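Asker: First residue of the sequence shown: 22, per this note's numbering; consecutive thereafter.
C-beta: ideal position from N, C-alpha, C; glycine also.
All figures in this text were calculated on a predicted structure; none of them were measured in a lab.
Let me give you the structure first, and then I'll get to my questions.
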Amino acid sequence: MIEREDLTGVRKAAILLLTMDEELSKEVIKELSEEEIELIGQEIARLESVPREIAVRINDEFTRKLHEKSDHIIGVPAKFRGLLNKSLGEDRAQSLWDHLRTEEEKAGKFLKVCDARILSNILKNEHPQTISLVLSNMESKKATEVISYLPAQVQSDVIVRMAHLERVDRKIIEEIEGVLKDQLESIGVVEGRRLGGVEVVAGMLNQMTRGMDTEILEAIEETNPELAERIKQLMFTFEDLTKIDDKGIQMLLKEISSEDLTIALKGTSEALKERILGNMSDRAAKILREDLEAMGPVRISDVDKAQIKIAMVAKRLNEEGKIAISGGGDTFV
22 MIEREDLTGV RKAAILLLTM DEELSKEVIK ELSEEEIELI GQEIARLESV PREIAVRIND
82 EFTRKLHEKS DHIIGVPAKF RGLLNKSLGE DRAQSLWDHL RTEEEKAGKF LKVCDARILS
142 NILKNEHPQT ISLVLSNMES KKATEVISYL PAQVQSDVIV RMAHLERVDR KIIEEIEGVL
202 KDQLESIGVV EGRRLGGVEV VAGMLNQMTR GMDTEILEAI EETNPELAER IKQLMFTFED
262 LTKIDDKGIQ MLLKEISSED LTIALKGTSE ALKERILGNM SDRAAKILRE DLEAMGPVRI
322 SDVDKAQIKI AMVAKRLNEE GKIAISGGGD TFV
């Protein structure tokens, strides 16, 4: 959220341009140099929403028009791109837009390619709040890998802080990323912005091996039972396949390999095993039973990986609307 003290000259110009009539803003853009357009464009790319009171303060003459809209100007980057197309032509606008987006994404790029073990080694000496900010700006799979290398006593603290994150000033994120980048480059590592919250934590726990996710959830539950419950509601495990109807189970079976399924069923309940077998043809079910009987001991870590893999496929199918996952009368999202 933009605060009054954040209103630099360039930011004011960006907001003013967005609140202008489209034809007028087109004329203004024509009078700007490419350097000026780039500066304003970079500022607009950082804006997520503009509070109405700020926009009114910058341009009082549009007070009436702004009051007819919602509390925020929606679709800020898209609106600016539309203005660029009409003012500069599609080719020139596309070139400038690609440049702006590239600059916007550069800051977090090094975190994506950095080895998780190296990154965790640097982060372990940072404050848990700093660690939570960094992990919240990473994909959940990478964040899970990084946190697995952190000391056990730090893990639950970081997870709790991530779950409480809602919105952080972009400048703070950029400063932290800059410091980390310097540290990484100093040890020879060379080569976002989605913040954390309950969803990211649930995604991380979904990808953790058996035991680690339980320990972290229990630690959270001790200090904040309500938060732990919210995280559990967003998690999806292999055992939750019982919440899928028969049609959904059959669709899921088409999306997974028989090898993954066989290994996953080695470590599951008899009820779920029979539910899966009951949704297969007699011949396929017979083959699977024989494979399970013939299979020797399987490492728990391999079972975990297979179950996580299948659970993630089920979650994807649910998100795509192809299957329904329900429990307690509510749809599992």
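Any contact between the stretch 271–280 and the stretch 320–337? By contact I mean 3 or more CB pairs, one from each, below 8 Å.
Answerer: The answer is yes - the stretch 320–337 touches the stretch 271–280, with three or more Cβ pairs under 8 Å.
Asker: Can you give me the C-alpha to C-alpha distance between residue 251 and residue 143, rounded to a whole angstrom?
Answerer: Their Cα atoms are separated by approximately 31 Å.
Asker: Any idea if residue 316 is buried or exposed, counting beta-carbon neighbours within 10 angstroms, 16 or more meaning buried?
Answerer: Residue 316 should be labelled exposed.
Asker: Starting from the C-beta of residue 319, find all residues in its chain whose C-beta is less than 7 Å away, skip the five residues before and the five after it, and write them out in chain order.
Answerer: Once the five neighbours on either side are set aside, the close Cβ partners of residue 319 are 284 and 287.
Asker: Can you grab the Cα-Cα spacing for the pair residue 210 / residue 199, in whole Å?
Answerer: Bear in mind that a pLDDT of 43 at residue 210, under 50, signals an unreliable position, so the model cannot answer this.
Asker: With distances taken Cα to Cα, identify the nearest neighbour of residue 244 among 264, 181, 261 and 259.
Answerer: Residue 244 has its Cα closest to that of 181, out of 264, 181, 261 and 259.
Asker: In the DSSP output, what is residue 265 paired with across the bridge?
Answerer: Partner(s): 346.
Asker: Helix, strand or coil for residue 172? Go by DSSP, reduced to three states.
Answerer: Residue 172: coil per DSSP, three-state reduction.
Asker: Do you know how far the Cα of residue 305 is from the Cα of residue 172?
Answerer: So the alpha carbons of these two residues sit roughly 45 Å apart.
Asker: Tell me where the alpha helix (DSSP H) around residue 333 begins and ends.
Answerer: Counting along the chain, the alpha helix (DSSP H) containing residue 333 begins and ends at 321–340.
Asker: Could you have a look at residue 246 and say whether DSSP puts it in helix, strand or coil?
Answerer: Three-state result, residue 246: helix.
Asker: Going by DSSP, what residue range makes up the alpha helix (DSSP H) through residue 31?
Answerer: Start and end: 30–40.
Asker: DSSP state of residue 318, grouped into three classes?
Answerer: Residue 318 falls in the coil class under three-state DSSP.
Asker: Quick check on residue 337: buried or exposed, where buried means 16 or more other Cβ atoms within 10 Å of its Cβ?
Answerer: Residue 337 is exposed by the Cβ-count criterion.
Asker: Is residue 51 buried or exposed, if buried means 16 or more other CB atoms sit within 10 Å of its CB?
Answerer: That one is exposed.
Asker: Quick one: what's got a C-beta closer than 7 Å to residue 31's C-beta in the same chain, skipping five residues either side?
Answerer: Cβ within range, chain order: 60, 61 and 64.
Asker: Can the beta-carbon of residue 260 be found less than 8 Å from the beta-carbon of residue 235?
Answerer: No. Outside cutoff.
Asker: Among 139, 162 and 168, whose alpha-carbon lies nearest the alpha-carbon of residue 153?
Answerer: The candidate whose alpha carbon is nearest that of residue 153 is 168.
Asker: Taking the continuous alpha helix (DSSP H) assigned at residue 297, which residues delimit it?
Answerer: Residue 297 -> alpha helix (DSSP H) spans 291–298.
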